[in-house]
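Residue numbers (this note's numbering): 24 to 281.
Ideal placement from N, C-alpha and C gives every residue a C-beta, glycine not left out.
Since the structure is predicted, the reported quantities are computational estimates derived from the model, not experimental observations.
I have placed the structure first, in the form of structure tokens, so that the comments after it can refer back to it.
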């Protein structure tokens with residue numbers, strides 16, 4: 024009976040951590056079947072997500088520190104979106120007043136939702152890490168991964184080399200998480216893979232509801248390539264590096280104040 028209760032509690036905390044991603048996909052789904060008068064769909068999605076973000080902070084579901092992290096990811100994601108759309112990797116074919124260089128501003132929230140989940144689950148499961156490689160190694164690797172998303176259009180794609188480096192750098196890193204009074208742990212690289220896979224599933228849902236379109240989806244929707252899992256795997260690593268490092272900085276600051 025106890026394992027079942029633990030699983031229920033774990034599932035509840037995971038579900039609460041996914042409130043913002045669920046709000047995004049719910050908005051995409053509803054806006055694809057309900058046409059709002061006097062407003063473009065992309066603009067309506069942006070207004071709704073801004074309202075959801077405000078409510079989460081106002082209600083205490085997210086802290087101001089978590090909001091700062093989310094804003095960082097919004098900017099990182101938006102810059103990547105502008106570049107990728109400019110390169111023809113995917114497109115946002117619908118009109119909108121809140122589009123910047125062909126990219127609707129709401130798109131940054133899809134990256135921010137990953138950060139929201141990371142921050143929420145970290146706090147709710149009282150997470151910690153052992154064997155963290157430090158800012159220098161993790162930061163350089165995260166920067167190289169992000170840069171590769173831009174440079175692979177012109178030079179060799181180093182994603183598999185970077186994946187190998189991830190396995191080396193984070194080989195001894197474990198996530199410590201707590202469910203009620205019990206403590207569990209998981210290899211960080213396994214967590215990268217699991218989260219990346221679920222983001223790929225979410226990406227299929229998003230493209231099905233026309234959040235954006237890949238070139239092979241313009242005639243009819245089809246499953247997003249499995250190769251995208253590796254991209255999300257690497258993007259999740261950037262998310263974890265930033266969130267974990269900020270958590271470490273905050274913990275050190277609190278300890279100094281004590």
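Considering Cα atoms alone, identify which of 44, 40, 253, 29 is closest to residue 136.
Position 113 of the chain shown, counted from the start, is the residue given in the question as residue 136. If we check each option's Cα against that of residue 136, 44 comes out closest.
Assuming contact is defined by CB atoms lying nearer than 8 Å, are residue 46 and residue 84 in contact in what I supplied?
Residue numbering aside, residue 46 sits at position 23 when the chain shown is read from its first letter. Residue numbering aside, residue 84 sits at position 61 when the chain shown is read from its first letter. Cβ distance not < 8 Å, so residue 46 and residue 84 don't count as in contact.
Which of the three DSSP states, helix, strand or coil, is assigned to residue 205?
Taking the chain shown and counting its residues from 1, one reaches residue 205 at position 182. Reduced to three states, the DSSP call for residue 205 is strand.
Nearest to residue 294 (by Cα), restricted to the options 237, 193, 211:
There is simply no residue 294 to check, as the chain begins at 24 and stops at 281 in what is shown.
Rounded to the nearest angstrom, what separates residue 13 and residue 66 at their Cα positions?
With the chain covering 24 to 281 only, the question about residue 13 has no answer from this structure.
Please name the residue in 255, 253, 232, 246 whose C-alpha comes closest to that of residue 56.
In the chain shown, the residue the question calls residue 56 occupies position 33. Ranking 255, 253, 232, 246 by Cα distance to residue 56 puts 232 first.
Spatial neighbours of residue 79 within its chain, please: C-beta separation below 6 Å, excluding the five flanking residues on both sides.
Working through the chain shown from its first residue, we reach residue 79 at position 56. Excluding sequence neighbours, residue 79 sits near 85.
Assign residue 134 to one of three DSSP states: helix, strand, or coil.
Here residue 134 corresponds to residue number 111 of the chain shown, with the count starting at 1. Residue 134 falls in the helix class under three-state DSSP.
Check the C-beta distance from residue 158 over to residue 69 and give it rounded, since I have them as a contact under 8 Å.
Reading the chain shown from its first residue, position 135 is the one you call residue 158. Reading the chain shown from its first residue, position 46 is the one you call residue 69. That belief does not hold up - the Cβ atoms of residue 158 and residue 69 are roughly 34 Å apart, past 8 Å.
Nearest to residue 102 by alpha carbon, out of 151, 123, 267?
The count along the chain shown starts at 1 and reaches residue 102 at position 79. Ranking 151, 123, 267 by Cα distance to residue 102 puts 123 first.
Inter-stretch contact at 8 Å, needing at least 3 Cβ pairs: the region 89–101 / the region 159–166
no
In chain order, which alpha helix (DSSP H) runs of at least 4 residues are fully inside the region 150–202?
158–174, 182–192
Nearest candidate by alpha-carbon position, reference residue 192, set 155, 74, 31
For the purposes of this step, residue 192 is taken as the residue at position 169 of the chain shown. Comparing Cα positions, the closest option is 155.
Of the listed residues 49, 189, 202, nearest to residue 215 (C-alpha basis)
One-based indexing of the chain shown puts residue 215 at position 192. Comparing Cα positions, the closest option is 189.
Closer than 6 Å by C-beta to residue 153: which residues in its own chain qualify, once you throw out the five before and the five after it? Chain order, please.
As a first step, residue 153 is located in the chain shown; it is residue number 130 there, counting from the start. The residues are 197.
Could you check if residue 27 is buried or exposed, using at least 16 other CB atoms within 10 Å of its CB as the buried criterion?
For the purposes of this step, residue 27 is identified with residue 4 of the chain shown, where counting begins at 1. Exposed is the call here.
With 16 other CB atoms within 10 Å as the buried threshold, where does residue 265 fall?
Here residue 265 corresponds to residue number 242 of the chain shown, with the count starting at 1. Residue burial annotation: residue 265 is buried, with at least 16 other C-beta atoms found within 10 angstroms of its C-beta.
Taking 8 Å as the threshold (C-beta atoms), are residue 143 and residue 62 in contact?
Within the chain shown, residue 62 is the residue found at index 39, counting from 1. Within the chain shown, residue 143 is the residue found at index 120, counting from 1. No, the Cβ-Cβ distance between residue 62 and residue 143 is not below 8 Å.
State the DSSP-derived secondary structure class of residue 127, mapped to helix, strand or coil.
In the chain shown, the residue the question calls residue 127 occupies position 104. It is a strand residue.
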